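Have a look at the structure below, then the notes.
Numbering (the working numbering), first residue to last: 1494 to 1776.
Given below as structure tokens:
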């Protein structure tokens, strides 16, 4: 099964009642793109005068919310904007409900589990629950791992177009962490093609020797998702073949996490127990 169907993003119109809201709306337009934007392209898309857009882009660049690419003509998200997005994910108001789903998943499968998101070319751990087993790899929330050699990272990369993927990885060399790390772009493309077809990814000692991880995507109704749920364990307890047995539990947890994000804030106060029960229901 495919991870997610390709959906065309709907851009926001860069309008608002105040200059600040108009800048925010322009950020929404840019954030909806899976590629760098140019001044001329934004003029054609928004219909705003070039001097107005140029001034707005300069303001956003000065604030660190956008950054200009090396060609001097294109813009992408700035460090400050990316940090804002990460903090929103780490401190999401749904965190308590998500954590209960994650804790229930660990109780069910007996191995450490985490929720992750993609930030640039790295995977960020938004939440993690450790197994009670004495032998484990400790990675705390906020930890970062490379996308090309992690199970969650492969899931996120598999959602991208080949052009977007290569552009992202071109700025982040495929470093070799173990003898099993995939460092060739063509071989990685073949691996990502399999991930997209099967709907899950496995890290077979590709980041840390002796560590095996399996991940699935948390579905998003709005299109491409930026959340994964994954399980990790030492290879003496979890081989790639055994990891496949965890997929039903991981998929139930992913559906429960998806339902939490779909709830309104009012519903969220009553919903965690139902979501947790959904994660633990039998297949």
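For glycine and all other residues, C-beta sits at the position ideal for the given N, C-alpha and C. Keep in mind that this is a model prediction, so the values were computed, not measured.
Could you tell me the boundaries of the alpha helix (DSSP H) in which residue i lies?
i: residue 1542; result: Where residue 1542 is concerned, there is no enclosing alpha helix (DSSP H), given that its DSSP letter is neither H nor E.
i: residue 1736; result: 1733-1736
Would you identify the three-state DSSP class for residue i, choosing helix, strand or coil?
i: residue 1647; result: helix
i: residue 1667; result: coil
i: residue 1704; result: strand
i: residue 1516; result: helix
i: residue 1747; result: helix
i: residue 1691; result: helix
i: residue 1677; result: coil
i: residue 1510; result: coil
i: residue 1526; result: coil
i: residue 1752; result: helix
i: residue 1717; result: coil
i: residue 1549; result: helix
i: residue 1672; result: coil
i: residue 1659; result: helix
i: residue 1759; result: Unreliable placement is indicated for residue 1759, whose pLDDT of 33 sits below 50; no coordinate value is reported for it.
Which residue comes first and which comes last in the beta strand (DSSP E) that contains residue i?
i: residue 1725; result: 1721-1727
i: residue 1696; result: 1694-1697
Comparing the CB of residue i with every heavy atom of the ligand MG, is any distance shorter than 7 Å?
i: residue 1555; result: In the structure shown, the ligand MG is absent, as is every other ligand, since no ligand is present at all.
Pull up the DSSP beta-bridge partners for residue i, would you.
i: residue 1709; result: 1722
i: residue 1531; result: 1567
Give me the Cβ distance between residue i and residue j, rounded to the nearest whole Å; I'm assuming they're in contact under 8 Å.
i: residue 1624; j: residue 1723; result: Not a contact, Cβ separation roughly 13 Å.
i: residue 1675; j: residue 1699; result: 7 Å
i: residue 1640; j: residue 1614; result: 5 Å
i: residue 1709; j: residue 1736; result: So it is not a contact: roughly 11 Å between Cβ atoms.
i: residue 1705; j: residue 1732; result: 7 Å
i: residue 1638; j: residue 1646; result: 7 Å
i: residue 1606; j: residue 1598; result: 5 Å
i: residue 1651; j: residue 1688; result: 4 Å
i: residue 1559; j: residue 1553; result: 4 Å
i: residue 1707; j: residue 1720; result: Rounded, the Cβ-Cβ distance is 16 Å, inconsistent with contact.
i: residue 1695; j: residue 1591; result: Actually they do not touch by this definition, with Cβ atoms about 23 Å apart.
i: residue 1524; j: residue 1570; result: 7 Å
i: residue 1725; j: residue 1604; result: 7 Å
Any Cβ of chain D within less than 8 Å of the Cβ of residue i?
i: residue 1566; result: Here there is only one protein chain, and chain D is not present.
Unbroken alpha helix (DSSP H) runs of length 4 or more, entirely within the region 1552-1640: which are they?
Correct list: 1572-1583 and 1588-1602.
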